[in-house]
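Protein chains: 2
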Amino acid sequence: MTFEEAKDTFIHTWGTLATQWGISRSMAQLHALLLISPNPMSTEEIMEQLQISRGNASMTLRDLMDWGLISKQLKPGERKEFFWAEKDIWKVARQVAKERRRREITPVVEVLNELKNIPTDTPEAQEFQRVMTGLSNVVGFADNTLNAVIKAEENWLMSQFLKVFR
Amino acid sequence: MTFEEAKDTFIHTWGTLATQWGISRSMAQLHALLLISPNPMSTEEIMEQLQISRGNASMTLRDLMDWGLISKQLKPGERKEFFWAEKDIWKVARQVAKERRRREITPVVEVLNELKNIPTDTPEAQEFQRVMTGLSNVVGFADNTLNAVIKAEENWLMSQFLKVFR
DNA sequence: CTAAACTTTCAAAATATTTTGAAAGTTTAG
DNA sequence: CTAAACTTTCAAAATATTTTGAAAGTTTAG
């Protein structure tokens with residue numbers, strides 16, 4: 001496989017994985033492109049490489065910055081903005097875990113805890129409460145796991161990684 | 001909050017969380033409905049409750065069965081099929097982890113391992129390999145974490161859950 | 001075997017999401 | 001201040017996804 005083929009395969013595969021986990025394809029693909037670029041890229045270069053419009057590029061770049069995965073860089077003497085991605089993948093994982101926890105998991109934990117408190121005056125309501133309690137535990141587990149990842153040092157993550165191999 | 005309100009809030013919240021994680025809204029909502037139903041439900045009842053068409057119900061029920069989250073039940077003397085969901089949420093979580101790992105993570109692990117092997121004859125290719133190696137480790141970590149969840153007993157999960165609280 | 005009672009399929013319609021690109025906005029060199 | 005060089009916005013278009021419902025398929029009581 002040539003480098004160019006590998007690059008395209010990667011961008012494509014990464015986009016597919018992302019959509020399966022609820023992240024938009026262009027966000028994943030643009031992130032992938034910046035991850036493997038040795039240098040910061042301009043909007044022009046990104047548009048060219050991914051064959052997307054200026055508007056799309058601008059919006060997706062902003063989303064990636066909101067997620068804390070890429071940053072702007074200004075080159076002295078140039079008007080254009082350049083973008084680069086954090087390359088330490090463990091840092092990237094921690095950042096993604098942090099954002100997803102904040103945006104998606106924590107709100108659901110709160111709703112579930114509220115729903116646990118309805119009066120259990122009918123068999124339906126009792127069953128409902130049982131399910132809410134179970135879900136609350138499982139979502140809480142996910143929440144805590146993400147939180148552990150967020151707070152972890154790379155070494156800790158590595159040790160967990162190796163541990164499961166035993 | 002009345003029981004009916006709580007029920008609607010739950011079905012809605014669950015559908016939202018699901019779409020954020022790449023699971024279709026109707027699948028999550030139908031699953032939610034069956035989870036909180038004390039009795040198996042017929043297709044008719046489900047259509048009525050969620051206000052969806054027969055075709056939609058039929059297809060979504062099949063998807064849920066493919067995921068191993070619900071089962072058919074035939075009541076003696078009735079022609080209709082009834083459906084019920086596994087109520088043990090830890091079992092549900094293990095099943096979901098298993099399916100997502102099989103369908104989504106394992107294939108990506110394989111692609112990444114292949115991409116690690118391209119010749120590193122240019123600086124670009126070297127950077128590429130570095131990123132692939134990093135991703136391979138992180139995705140491998142996720143893969144192993146899911147696998148640990150799958151193989152775990154409820155007690156182990158509970159202990160992990162409590163551990164992170166310390 | 002027949003026909004009633006059900007379920008599944010799938011093309012078309014509806015809906016949701018993503019993308020485009022021109023216009024508006026912003027920044028800075030001179 | 002001006003105008004060139006850029007970025008952002010957002011309505012409309014394109015595309016993708018989901019839903020519908022009628023027709024086809026299947027099962028079983030009799």
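Protein chains in written order, with full-length UniProt numbering: chain D, 1 to 166; chain Z, 1 to 166.
Glycine residues also receive a C-beta, built at the ideal position from the N, C-alpha and C atoms.
When you compare each of the options to residue i by their alpha carbons, which one comes out closest?
i: Val139 of chain Z; options: D:Arg103, D:Thr43, D:Gly77 and D:Ala18; result: D:Ala18
i: Asn113 of chain D; options: D:Lys98, D:Thr133 and D:Gln126; result: D:Thr133
i: Phe10 of chain D; options: D:Ile105, D:Leu33 and D:Arg102; result: D:Leu33
i: Asp8 of chain D; options: D:Ile23, D:Leu50 and D:Asn39; result: D:Leu50
i: residue 170 of chain D; options: Z:Ala28, Z:Gln20 and Z:Pro38; result: A question about residue 170 of chain D goes unanswered here, because the residues of chain D that appear run from 1 up to 166.
i: Trp84 of chain D; options: D:Ala152, D:Leu64 and D:Asn155; result: D:Leu64
i: Lys75 of chain Z; options: Z:Met41, Z:Arg101, Z:Ile52 and Z:Asn137; result: Z:Met41
i: Leu115 of chain D; options: D:Arg103, D:Leu35 and D:Phe128; result: D:Phe128
i: Val130 of chain D; options: D:Ala142, D:Phe141 and D:Asn117; result: Looking at the sequence shown, residue 130 of chain D is not Val but Arg. Checked all of D:Ala142, D:Phe141 and D:Asn117; the closest Cα to Arg130 of chain D is D:Asn117.
i: Leu147 of chain D; options: D:Glu99, D:Ile52 and D:Asp88; result: According to the sequence provided, residue 147 of chain D is Asn. The question's Leu does not apply to it. The shortest C-alpha separation from Asn147 of chain D is found at D:Glu99.
i: Gly15 of chain D; options: Z:Ala125, Z:Phe3 and Z:Val108; result: Z:Val108
i: Arg103 of chain Z; options: D:Met1, D:Trp21 and D:Thr2; result: D:Trp21
i: Asn144 of chain D; options: D:Gln126, D:Thr106 and D:Glu153; result: D:Thr106
i: Ala152 of chain D; options: D:Ala28, D:Glu110, D:Lys91 and D:Lys87; result: D:Lys91
i: Ile89 of chain D; options: Z:Met1, Z:His12 and Z:Phe141; result: Z:Phe141
i: Asn137 of chain Z; options: D:Thr120, D:Gln126, D:Asn155 and D:Glu124; result: D:Asn155
i: His12 of chain D; options: D:Ala28, D:Gly77 and D:Met1; result: D:Ala28
i: Ile36 of chain D; options: D:Arg79, D:Ile70 and D:Glu78; result: D:Ile70
Got a sec, what are the start and stop residues for the alpha helix (DSSP H) residue i sits in?
i: Ile150 of chain D; result: Pro123 to Lys151
i: Glu4 of chain D; result: Phe3 to Gln20
i: Glu81 of chain Z; result: Where Glu81 of chain Z is concerned, there is no enclosing alpha helix (DSSP H), although the beta strand (DSSP E) it sits in stretches over Glu81 to Ala85.
i: Asn113 of chain Z; result: Thr106 to Leu115
Could you spell out where the beta strand (DSSP E) holding residue i opens and where it closes?
i: Glu99 of chain D; result: Per DSSP, Glu99 of chain D belongs to no beta strand (DSSP E); it is in the alpha helix (DSSP H), Ile89 to Arg100.
Spatial neighbours of residue i within its chain, please: CB distance less than 6 Å, with the 5 preceding and 5 following residues excluded, ordered by chain position.
i: Leu30 of chain D; result: Thr60
i: Ser26 of chain D; result: Thr60
i: Gly68 of chain Z; result: Gln95
i: Glu81 of chain D; result: Lys72
i: Glu5 of chain Z; result: none
i: Arg101 of chain Z; result: Leu146
i: Lys87 of chain Z; result: none
i: Ser24 of chain D; result: none
i: Arg62 of chain Z; result: none
Once you ignore the five residues that flank residue i on each side, which residues in its own chain have a CB closer than 8 Å to its CB?
i: Leu135 of chain Z; result: Leu112
i: Val149 of chain Z; result: Ala93, Arg94, Ala97 and Leu157
i: Arg54 of chain Z; result: Thr43 and Met47
i: Arg79 of chain D; result: none
Can you find the residues in the same chain that come closer than 7 Å, C-beta to C-beta, to residue i, ignoring five residues on each side of it along the sequence?
i: Arg57 of chain Z; result: Correcting the residue type first, residue 57 of chain Z is Ala in the shown sequence and not Arg. The answer, listed in chain order, is Thr43, Ile46 and Met47.
i: Arg166 of chain D; result: Confidence at Arg166 of chain D is low in this model, with a pLDDT of 42, below 50, so the placement of that residue is unreliable and no value is reported for it.
i: Glu110 of chain D; result: none
i: Pro119 of chain Z; result: Ala125
i: Ile52 of chain Z; result: Ser26
i: Thr2 of chain D; result: none
Just to check, is the beta-carbon of residue i closer than 8 Å to a non-hydrogen atom of the ligand SAH?
i: Gln129 of chain D; result: Ligands in the displayed structure: none, and consequently the ligand SAH is not present.
Beta strand (DSSP E) runs contained entirely in the UniProt domain "HTH marR-type" (22-79) of chain D, provided each spans 3 or more residues: 70-74
Under 7 Å, CB to CB, which of the residues in the segment 13-40 of chain D have a partner in chain Z? Thr13, Leu17, Thr19, Gln20, Trp21, Gly22, Leu35, Ile36 and Pro38
Taking a Cβ distance cut-off of 9 Å, strictly less, list which residues of the segment 88-112 of chain D are near chain Z, in chain order. Asp88, Ile89, Trp90, Val92, Ala93, Arg100, Arg103, Glu104, Ile105, Pro107, Val108, Val111 and Leu112
Interfacial residues, the segment 2-13 of chain Z to chain D, with Cβ spacing under 9 Å: Thr2, Phe3, Glu5, Ala6, Lys7, Thr9, Phe10 and Thr13
Residues within the segment 126-140 of chain Z neighbouring chain D, beta-carbon criterion of under 8 Å: Glu127, Phe128, Arg130, Val131, Met132, Gly134, Leu135, Asn137, Val138 and Gly140
Could you name the residues of the segment 40-68 of chain D whose beta carbon sits closer than 8 Å to any beta carbon of chain Z, in the order they occur along the chain? none
Using Cβ-Cβ distances below 7 Å, what residues of the segment 114-126 of chain Z are close to chain D? Leu115, Ile118, Thr122, Pro123, Glu124 and Ala125
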